[in-house]
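*Asks:* The structure that follows is given in the form of C-alpha cells.
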Amino acid sequence: MKPYKKLLLVLFFLSATAISVFAQNTYIDPTVTLALKLYSDNLKKEQNKMVEQQTKLQRAQGWVASQVLLANKIQDKVYKGLSTVSGFMSNSLQAKSIYDNLERCKMYSDRISKVVREHPQYAVFGAKATSESYETILEIISEVNETLKGGTNNLATAGDRYRMLSRLEDKTALLKIQLLGIALAIERAVNVGFWQSINPFQGYINTDKSIVENIFHKYKILTY
C-alpha cells in the first residue's frame, strides 16, 4: 500500500500546484483593469473625434468643390455674356454703318430723281440707276434683318454674322459712291448741256473753236 499512497501524494501535489498556477494566471488586478478601461475609453473618444473631424473636412472639401464649380459656371456665363455683348455691339456698329450708308443711298437716289423730274431729257442717265439702287437697297435691308435675327432657327455664329455684315457694309458703301457719282454726272450734264454731255469729242471741238477764235482775234488786230 505504500507505493499507492506515494502515487496519491504525488497526484495531490501536482493538482495543488496546477490550481495554484491557474489561480496566479487568472488573477485580475482592479487598478490595472480600471486603467485599461480608461485608456480604452479615451482611445475610443479620440477615434470618434478623428472620425468627426474627417467628416467635417470631407464636407468642407465638398462645399469648396461646389463653390469652385459654381464660380466656374458664373465665370463661364460672364465670359459668354461679355462675348455676346461684344459681338452684339460689333454687329450693332456694323448695322448702324450699313443703315447710314443706305440713308445716304436714299438721299442720292432722291437727288437723282429730283433732277430727272425737273429735266426729263436726262432721265436716260438716272432712271435705270435709281430703279436698280432701290431694289438693291431692299435686298440689303432684308439680308441685314435676316443676319441679325436670333433664335434657334438661325444657326449663324458670331463670326458668320460679322463676315456677312462686313460684306453688306462694303456693298452699301460701294452703292453709295455709285449713286453719288450718278447724281454728280447728271448735275454736270444739266450744267454743260445735254448734247455736250453725251459727245465725247466736245472737249476737242471747244478747244479747236477757241484756237480759231484766237487766230481771228489776232488777225483783226494786225489788220487795223
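The sequence shown lines up with residues -23 to -1, 1 to 201 when you count with mature numbering (1 follows the signal peptide of the UniProt record, and there is no 0). Backbone N, C-alpha and C define an ideal beta-carbon position, used for all residues, glycine too. Please read these numbers as outputs of a predicted model, since none were measured by experiment.
Using 10 angstroms around the beta-carbon of Arg165, count the other beta-carbons present and answer buried if the total reaches 16, otherwise exposed.
*Replies:* With fewer than 16 Cβ atoms within 10 Å of its Cβ, Arg165 is classed as exposed.
*Asks:* Going by alpha carbons, who is nearest to Ala150 out of Glu80, Thr32 and Glu23?
*Replies:* Closest option to Ala150, Cα to Cα, is Glu80.
*Asks:* Alpha carbon to alpha carbon, how far is Leu115 from Ser69? Give it in angstroms, no decimals.
*Replies:* When rounded, the distance between both Cα atoms is 19 Å.
*Asks:* With 16 as the cutoff for other CB atoms within 10 Å, does Glu146 come out buried or exposed?
*Replies:* Burial call: buried.
*Asks:* For Ser119, collect the residues of the same chain with a Cβ closer than 6 Å to its Cβ; drop the 5 residues on either side in sequence, then sort them by chain order.
*Replies:* Answer for Ser119: no residue qualifies.
*Asks:* Assuming Leu142 and Cys82 are in contact, meaning their beta carbons sit under 8 Å apart, how far apart are those beta carbons, in whole angstroms?
*Replies:* Actually they are not in contact, since the Cβ atoms of Leu142 and Cys82 sit about 17 Å apart, beyond 8 Å.
*Asks:* Could you tell me whether the Cβ atoms of Ile89 and Ile159 are closer together than 7 Å?
*Replies:* Taking 7 Å as the Cβ cut-off, Ile89 and Ile159 qualify as a contacting pair.
*Asks:* Just verifying my parser: in three-state terms, what is the DSSP assignment at Ser63?
*Replies:* At Ser63, the pLDDT of 47 sits below 50, so the modelled position is not reliable; the number obtained from the coordinates is stated separately. Correct three-state label for Ser63: helix.
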